[in-house]
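**Q**
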Amino acid sequence: MMTQNQILCIIYFDEIIGPSTLYSSETLAETTDSPDLNRILEFNDEEGTFIFAYRKYQTVNHIFYVDSKLARGGKDLMMITYMIKTAIFKDEIVDVFKYLDSKAPVLEDFASEIRKLNDLTSILHLKKSALTDYVLDLADDELKKEFLKIFNIYFTKLSPKYKLETPIKDKRLLKKIFIIGAPRVGKTTFLKNIELIQFLNIKRNDLPSRIFEVVIENLEILKYDKNISAFECKEFENLQNCVSFSQGFIILFNLSDKNSVIQTKEIFKIVDNTRLEMETELAPLLIIGNKFHDKEDIDPEFVYDTLEIHELKEIGVKVKYFPINILKEDEKVMEALRWLIKQII
């Protein structure tokens, strides 16, 4: 199996330290773009199977309880997660959600086998060492051997029977939504909060949720280094390519600071001038004024005038402004993203 292209992991809820890893086929801390499984388990304690997409990985998860004399309430909470990077598989897996959904019975059978393991719950309640990668390391050789035998059997059952391929990145197929803003306006906070909102809605499997997941996967902060007057973009080597393959822009500034609005405008102007030189249309603009707690908001007219929102609308640019406290007003964040999605699709 190719490293990090597919991962099988089992975590459980430790009554003292919270979510912990029983065992994983890969060290998740070293895996980029993988979901935070601990946070998923923190927000979910209801038994069942659900699909969750996160950036490069798509996952199927099964939450279940194991009887335990040592646990508070007589049961330990556990979750099995199987995740894959669909980009590395052949075209046979067209509908990854359908494929993962078909693996729900396999996860249920795996959970049944875990319940049968003698003394498994006893190691879940041992005092943990910071040097222990997996709780399974604390088990005796017999339990380890029995567990790993079952683990490998079900990993094989979960893995696609198709040939694995090395992904070929065709940058012409990449489309990004870039987040642009002055320093310390909450760009990283905004991105992390969107991901948290997604965590809280992981059991929804409808079309809008899937579209939302795709949008999150393609969000990127377009960092600007004023010292060298250059942008940093993960996928592309220059700003021209960033502009060419953009689907939209999220403009973010501090709604309590006029200088933040001006700085954000200056940074975005560089992007827009590049777009004008290339003679391409301006992608939809979602403008967000981040409302900081206990800070006074600046005059809305100053925002509209500085960012030339009325002028942009007059020339046909799809643009909308939302004043939002990005840490507290989740519904408004969702409303703003829904507007941007509608402009793109």
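Numbering-wise, the working numbering comes out as the position in the sequence shown, counting from 1, plus 33. Every residue, glycine too, gets a C-beta built ideally from N, C-alpha and C.
I need the boundaries of the beta strand (DSSP E) containing Ser53, first residue and last residue.
**A** Residues 51-57.
**Q** When the cut-off is 8 angstroms and only beta carbons count, does Tyr90 lie next to chain B?
**A** No chain B appears in the structure shown, which is made up of a single protein chain.
**Q** Helix, strand or coil, according to DSSP, for Ile44 in the structure here?
**A** It is a strand residue.
**Q** Considering only the alpha carbon of each residue, which of Leu224, Tyr187, Gly219 lies closest to Ser57?
**A** Per the Cα distances, Tyr187.
**Q** If we count the other Cβ atoms within 10 Å of its Cβ and call it buried at 16 or more, is Gly81 buried or exposed?
**A** Classification for Gly81: exposed.
**Q** With the cut-off set at 8 angstroms, would you say Phe211 and Phe282 are in Cβ contact?
**A** Yes; because the gap between Cβ atoms is below 8 angstroms, this pair is in contact.
**Q** Rounded to the nearest angstrom, what separates Leu41 and Phe97 at their Cα positions?
**A** So the alpha carbons of these two residues sit roughly 16 angstroms apart.
**Q** From Ile377 to Leu74, what distance separates their C-alpha atoms?
**A** Cα-Cα distance, rounded: 33 angstroms.
**Q** Can you name, in chain order, every residue of its own chain whose Cβ lies under 6 angstroms from the Cβ of Asp47, other than the five neighbours on each side?
**A** Within the same chain, Asp47 has close Cβ partners Ser53.
**Q** As a quick exercise: from Gly214, Lys351, Phe335, pick the residue whose alpha carbon is nearest that of Val304.
**A** Checked all of Gly214, Lys351, Phe335; the closest Cα to Val304 is Gly214.
**Q** By a C-beta neighbour count over all protein chains shown, 10 Å radius and 16 as the cutoff for buried, is Leu55 buried or exposed?
**A** Buried: at least 16 other Cβ atoms inside 10 Å.
**Q** On the premise that Lys291 lies in contact with Phe335, defined as a C-beta separation below 8 angstroms, what is that separation, rounded to the nearest angstrom?
**A** Confirmed, Cβ separation roughly 6 angstroms.
**Q** By a C-beta neighbour count over all protein chains shown, 10 Å radius and 16 as the cutoff for buried, is Met311 buried or exposed?
**A** By the neighbour-count rule (16 or more Cβ atoms within 10 Å), Met311 is not buried but exposed.
**Q** Determine the DSSP secondary structure at Asp258, reduced to helix, strand or coil.
**A** Of the three classes helix, strand and coil, the one that applies to Asp258 here is strand, per DSSP.
**Q** Kindly indicate which residue of Thr339, Leu157, Thr221, Lys361 has the alpha-carbon position closest to the one of Thr297.
**A** Answer by Cα proximity: Thr339.
**Q** List the endpoints of the continuous alpha helix (DSSP H) containing Ile300.
**A** Unbroken alpha helix (DSSP H) run through Ile300: 291-311.
**Q** For Glu362, report the span of its beta strand (DSSP E) as first-last.
**A** Per DSSP, Glu362 belongs to no beta strand (DSSP E) and is neither H nor E.
**Q** The alpha helix (DSSP H) that contains Ser135, what's its start and end?
**A** Its alpha helix (DSSP H) spans residues 129-135.
**Q** Apart from the five residues on each side of it in sequence, which residues of its chain come closer than 6 angstroms, Cβ to Cβ, to Lys328?
**A** Hits under 6 angstroms: Ser289.
**Q** How many Å lie between Arg205 and Asn274 at the Cα?
**A** Confidence at Arg205 is low in this model, with a pLDDT of 41, below 50, so its placement is unreliable and the value that follows should be read with caution. Answer to the nearest angstrom: the Cα atoms are 10 angstroms apart.
**Q** With burial defined as no fewer than 16 other Cβ atoms inside 10 Å of the residue's Cβ, what is the status of Thr114: buried or exposed?
**A** Buried, since its Cβ has 16 or more Cβ neighbours within 10 Å.
**Q** Please tell me whether Lys365 and Phe355 are closer than 8 angstroms, where the distance is taken between their beta carbons.
**A** In this structure, Phe355 lies closer than 8 angstroms to Lys365 by Cβ.
**Q** Tell me which same chain residues have a C-beta within less than 7 angstroms of the C-beta of Leu169, skipping the five on either side of it?
**A** Around Leu169: Leu55, Tyr56, Lys177, Phe180.
**Q** Just to confirm, are Lys136 and Val93 a CB contact at a threshold of 8 angstroms?
**A** Contact flag set, yes.
**Q** Please classify Gly51 as buried or exposed, where buried requires at least 16 other C-beta atoms within 10 Å of its C-beta.
**A** Exposed is the call here.
**Q** Would you tell me roughly how many angstroms separate the C-alpha atoms of Thr307 and Pro317, rounded to the nearest one?
**A** Their Cα atoms are separated by approximately 16 angstroms.
**Q** Where Met111 and Glu79 are concerned, what is the direct C-alpha to C-alpha distance, given to the nearest angstrom?
**A** Approximately 10 angstroms between the Cα atoms of the pair.
**Q** Where Ile359 and Leu252 are concerned, what is the direct C-alpha to C-alpha distance, given to the nearest angstrom?
**A** In a straight line, the C-alpha of Ile359 is about 16 angstroms away from that of Leu252.
**Q** Put Tyr337 into one of helix, strand or coil per three-state DSSP.
**A** It is helical.
**Q** From the DSSP output, read off the bridge partner residues of Gly322.
**A** For Gly322, which the question treats as bridged, DSSP gives the partners Phe286, Pro356.
**Q** Just verifying my parser: in three-state terms, what is the DSSP assignment at Val139?
**A** It is helical.
**Q** Determine, using beta carbons only, whether Leu103 and Ser155 come nearer to each other than 8 angstroms.
**A** Yes, these two residues count as a Cβ contact at 8 angstroms.
**Q** List the endpoints of the continuous beta strand (DSSP E) containing Val99.
**A** Taken as a continuous stretch (DSSP letters only), the beta strand (DSSP E) holding Val99 covers 90-100.
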